[in-house]
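**Student:** Protein chains in written order, with the UniProt record's numbering: chain A, 1 to 376; chain B, 1 to 376.
Mind having a look at this structure? Questions to follow.
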DNA sequence: GAGCTCATTGAATCCTTTG
DNA sequence: TCAAAGGATTCAATGAGCT
């Protein structure tokens, strides 16, 4: 499933050349070899080795207190910002509308990355905290134990509302309460950590597969294409393959490419039925109230009530309902009688059955079943 | 102990004029009226520059009381950056060598603030996550629940190693393990939340005293001077007084100044020997079923049974479980197969081990061990 | 008082389809 | 492209009011 590609071999439009491959080369050059709007998700773990020690051209104290045009410009920060801008820009071009991007970092770099993302027009959806169960201690006792890393999740654009977020699945997985912005995972150790023949770790910052799994399960669908412009040891590729997603990786170092290739080849994809995710009412086909009348599930003249019988309305043949004062859709009338701006008529209105009240949403459910069978 | 001062009355060198006072006026102008290197700590809660579009309603149609105060409105990122740069620069001048600064923010502003701090020469020591026990939900189900805010803790300069960090006190308050960079506190509600005569909240974003207490206990000594350039409802002043620290506040709005003055006047300073118990940790919230998958305690595809093997379900990769008929959380599916309204999935579902059945609650117990170690 | 139900609320960048 | 309509969506605390 995984192969290394040279950039020259890529012809835009021929997906088979780069899909589920590792592109060897510079991050920006490799991204520029890909077609426009070709990936659904980007996960990026950029380098943050700022190496400020010794390279800092920091003014002396008196200069810092003075106000001039250059004193807050540090050569190394500038270089890092330029690098960040270049790859974020290249990444944005290959991201499909409706696609989102995840970037992980620490306090050394994440503020610069986040600011630049905003500057380039990315629209931040969440910052997410990876809380480490087993972080490295602070040996000198001069700071708090650095026990987390920060992820930024962003859409391509403020107007781009069509992104994938598997809300229902996340909620169900989290004991039926919303998934929060702070996640708890162990760091990557043990059997999961790639080692070379000498027992040395292959990559210094290998990310845990559980973290990538959470990300892919939250913000992609099966079959989506996931790009990792800093592929490293290939965690993104391994998890994508296991979860039935496609990947594209970019990496410069041969040693990482070799390790990642072998790692991904050994991955066994999960069965499809283990991958299906929960979807809520949003994903259900729309049913018009009038179709319940058409199919005989409810008849004109039926009286509808709210759950406490404070209000009532009568069903009319055209699919509207009417009180003594007004008529309109189930939603409009429901909102008006309550004095609200909006109302979900499906769950607000009920009909009498067997001495009790049943929401008309139950009739919609039945209507959908017959649609499925007919369409089946 | 607290008085309002006009800026004209401040003569550099006469500490008695501004110590334990609220300076009324613009943040930068007020800071410029203070002497060089006169404060030991700065806590800053600047405007977040929330860019809210329309109104937001809860599922029950009630309207969310948005933060749309004039002081949080900026025309552009450039305007916000210029504002940020100006106050960070003014703050840096009044900060003593060996002093540190805390800034709190959310993803809307914290990346810009952090990058600007680095640009100005501040040296970041930690970023700290305030995890909220009771954050506002995401009402539309379109993102992760925004359950934390970020604090940046920085020294005045990279070379400035003489800052105060009460490592041993922090460790002692955290069950004798190092204090981590993720802190758990409730938001400010109940009796602590300041209300006006109409029962309306005095300030839209009042911070909890526990958060300020942790900060002051970690990074100041008794008698130190704490500056808050966005004083608001005066939490910093109240906690400083209680903990035997001095404060200086800057605030523009009369209503906030009045409330803060009264609040601080009512504070009773603690005895020194009472101070150590203030910073303890809180209980950890639940373990989610998906975390068992994340940590490898259970794998997708595993079959779960009730204790008598009347029903079974398969674990899926997203943390839900599925029967032939339905899918959902361990609780929902457990309830449905039994025809009940509710079910504790943790005790209902079992997995096969060593020829017998073991409740998945046993796996939760194991997972909790690592969570507890990472807690607080 | 104890215990229960119900209403309220918090730094929020919070929708999608059709015509 | 824009306006209108459909209809989907919440967790932990606090406090009031009642039995």
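For each residue, glycine too, the CB sits at the ideal point set by N, CA and C.
Note that this is a predicted model, so its numbers are computed, not measured.
(1) Strictly by DSSP, which residues pair up with residue 129 of chain B?
(2) Would you say residue 136 of chain A reaches chain B, if we count a Cβ-Cβ gap shorter than 7 Å as a contact?
(3) Ignoring anything shorter than 3 residues, give me the beta strand (DSSP E) runs that lie fully in the segment 236-270 of chain B, in order along the chain.
(4) Taking its Cβ as the centre, do 16 or more other Cβ atoms sit within 10 Å of residue 55 of chain B, making it buried, or is it exposed?
(5) In three-state terms, what does DSSP make of residue 353 of chain B?
(6) May I have the straight-line CA-CA distance separating residue 367 of chain A from residue 334 of chain A, to the nearest angstrom?
(7) Out of B:17, B:192, B:92 and B:62, which has the shortest C-alpha to C-alpha gap to residue 206 of chain B?
(8) Quick check on DSSP: helix, strand or coil for residue 122 of chain B?
(9) With distances taken between CB atoms, is the gap from residue 90 of chain A to residue 123 of chain A smaller than 7 Å?
(10) Can you name the start and end residues of the beta strand (DSSP E) that residue 377 of chain A belongs to?
(11) How would you list, in chain order, the residues of chain B whose beta-carbon sits under 8 Å from the beta-carbon of residue 167 of chain A?
(12) Could you give the C-beta distance for residue 262 of chain B and residue 233 of chain B, rounded to a whole number, given that I count them as a contact under 8 Å?
(13) From the DSSP secondary-structure annotation, give me the bridge partner or partners of residue 314 of chain A.
(14) Name the residues in the segment 176-208 of chain A whose C-beta lies less than 7 Å from a C-beta of chain B; which are they?
(15) Report the three-state DSSP secondary structure of residue 368 of chain B (helix, strand or coil).
(16) Taking residue 298 of chain A as part of the alpha helix (DSSP H), name the residues at either end of that continuous run.
(17) Less than 7 Å between C-beta atoms, sequence neighbours within five positions excluded: which residues of the same chain meet that for residue 216 of chain B?
(18) Exposed or buried, which one is residue 340 of chain B when buried takes at least 16 other CB atoms within 10 Å?
(19) In whole angstroms, what is the alpha-carbon distance linking residue 248 of chain B and residue 203 of chain B?
(20) Helix, strand or coil: which one does DSSP assign to residue 139 of chain B?
(21) Which residues in chain A sit within 8 Å of residue 107 of chain B, going by Cβ to Cβ distance?
(22) Could I get the ranges of all uninterrupted beta strand (DSSP E) runs contained in the segment 173-221 of chain B, with 3 residues as the minimum, in chain order?
(23) Using a Cβ-Cβ distance cut-off of 7 Å, determine whether residue 217 of chain A contacts chain B.
(24) So, for residue 208 of chain B: in the same chain, excluding its five sequence neighbours on each side, which residues have a beta-carbon less than 8 Å away from its beta-carbon?
(25) Between residue 382 of chain B and chain A, is any beta-carbon pair separated by less than 7 Å?
(26) Below 8 Å on C-beta distance, what does residue 77 of chain B contact in chain A?
(27) Give the interface partners of residue 173 of chain A over in chain B, defined as CB-CB distance under 7 Å, in chain order.
(28) Quick one, which residues of the segment 19-43 of chain B are near chain A if we go by CB-CB under 9 Å, in chain order?
(29) Using 10 angstroms around the beta-carbon of residue 84 of chain A, count the other beta-carbons present and answer buried if the total reaches 16, otherwise exposed.
(30) Any contact between the segment 17-24 of chain B and the segment 307-316 of chain A? By contact I mean 3 or more CB pairs, one from each, below 8 Å.
(31) In this structure, how does DSSP classify residue 362 of chain B when only helix, strand and coil are distinguished?
(32) By Cβ distance, which residues of its chain are closer than 8 Å to residue 287 of chain A, with the 5 residues on each side in sequence left out?
(33) Using 7 Å as the limit for Cβ to Cβ distance, is residue 91 of chain A near chain B?
(34) Given that residue 277 of chain A touches chain B, what residues does it touch there, using C-beta distances under 7 Å?
(35) Look up residue 5 of chain B in the DSSP assignment and give the residues it is bridged to.
(36) Any idea what DSSP makes of residue 159 of chain A, helix, strand or coil?
**Tutor:** The relevant details are as follows:
(1) On the second chain, residue 129 of chain B is found 129 positions in, with the first residue counted as 1. For residue 129 of chain B, which the question treats as bridged, DSSP gives the partners B:150 and B:182.
(2) Counting from one through the first chain, the residue named residue 136 of chain A turns up at place 136. Judged by the 7 Å Cβ criterion, residue 136 of chain A is not in contact with chain B.
(3) 246-251
(4) Sequence index remark: in the second chain, residue 55 of chain B carries index 55 (1-based). Exposed: under 16 other Cβ atoms inside 10 Å.
(5) Here residue 353 of chain B corresponds to residue number 353 of the second chain, with the count starting at 1. Three-state DSSP puts residue 353 of chain B in a strand.
(6) Start at 1 with the first residue of the first chain, and residue 367 of chain A comes out as number 367. Start at 1 with the first residue of the first chain, and residue 334 of chain A comes out as number 334. Going by the C-alpha atoms only, they are around 21 Å apart.
(7) Reading the second chain from its first residue, position 206 is the one you call residue 206 of chain B. Closest option to residue 206 of chain B, Cα to Cα, is B:192.
(8) Numbered from its first residue, the second chain carries residue 122 of chain B at position 122. Three-state result, residue 122 of chain B: coil.
(9) As a working note, residue 90 of chain A is residue 90 in the first chain. As a working note, residue 123 of chain A is residue 123 in the first chain. In this structure, residue 123 of chain A does not lie closer than 7 Å to residue 90 of chain A by Cβ.
(10) With chain A covering 1 to 376 only, the question about residue 377 of chain A has no answer from this structure.
(11) The sequence position of residue 167 of chain A within the first chain is 167, counting from 1. Correct list: 141 and 142.
(12) Residue numbering aside, residue 262 of chain B sits at position 262 when the second chain is read from its first letter. Residue numbering aside, residue 233 of chain B sits at position 233 when the second chain is read from its first letter. Actually they do not touch by this definition, with Cβ atoms about 10 Å apart.
(13) Locating residue 314 of chain A in the first chain gives position 314, where the first residue counts as 1. According to DSSP, which records beta bridges pairwise, residue 314 of chain A is partnered with A:303 and A:322.
(14) 176, 178, 179, 180, 181, 182, 184, 185 and 186
(15) Translated into positions along the second chain, residue 368 of chain B becomes position 368. Correct three-state label for residue 368 of chain B: helix.
(16) On the first chain, position 298 is the one that residue 298 of chain A refers to. Counting along the chain, residue 298 of chain A falls outside any alpha helix (DSSP H), and DSSP gives it neither H nor E.
(17) Stepping through the second chain from its first residue, residue 216 of chain B is reached at position 216. Counting only Cβ-Cβ distances below 7 Å, and skipping sequence neighbours, we find 226, 239, 240, 243 and 245.
(18) Working through the second chain from its first residue, we reach residue 340 of chain B at position 340. Looking at its Cβ environment, which holds fewer than 16 other Cβ atoms inside 10 Å, residue 340 of chain B is exposed.
(19) Within the second chain, the letter at position 248 stands for residue 248 of chain B. Within the second chain, the letter at position 203 stands for residue 203 of chain B. Rounded to the nearest angstrom, the two C-alpha atoms are 19 Å apart.
(20) The count along the second chain starts at 1 and reaches residue 139 of chain B at position 139. Residue state, collapsed to three classes: coil.
(21) Working through the second chain from its first residue, we reach residue 107 of chain B at position 107. Those are 114, 124, 126, 127 and 152, listed as they occur along chain A.
(22) 182-185
(23) Position 217 of the first chain holds residue 217 of chain A. Yes - at least one Cβ of chain B is within 7 Å of the one on residue 217 of chain A.
(24) The count along the second chain starts at 1 and reaches residue 208 of chain B at position 208. Cβ within range, chain order: 185, 186, 187, 188, 192 and 235.
(25) Because residue 382 of chain B is not part of the residues shown, which for chain B are 1 to 376, the question remains open.
(26) Reading the second chain from its first residue, position 77 is the one you call residue 77 of chain B. Going along chain A in sequence order, the residues near residue 77 of chain B (Cβ under 8 Å) are 118 and 119.
(27) For the purposes of this step, residue 173 of chain A is identified with residue 173 of the first chain, where counting begins at 1. Within 7 Å Cβ-Cβ: 288, 289, 290, 318, 319 and 320.
(28) 36
(29) To locate residue 84 of chain A, count along the first chain from 1; it is residue 84. Flag for residue 84 of chain A reads buried.
(30) no
(31) Here residue 362 of chain B refers to the residue found at position 362 of the second chain. Residue state, collapsed to three classes: helix.
(32) Position 287 of the first chain holds residue 287 of chain A. Correct list, in chain order: 364, 367, 368 and 371.
(33) Counting from one through the first chain, the residue named residue 91 of chain A turns up at place 91. Not an interface residue.
(34) Counting from one through the first chain, the residue named residue 277 of chain A turns up at place 277. By Cβ distance, chain B contributes 318.
(35) Indexing the second chain from 1 puts residue 5 of chain B at position 5. According to DSSP, residue 5 of chain B bridges with B:23.
(36) Locating residue 159 of chain A in the first chain gives position 159, counting from the first residue. Coil.
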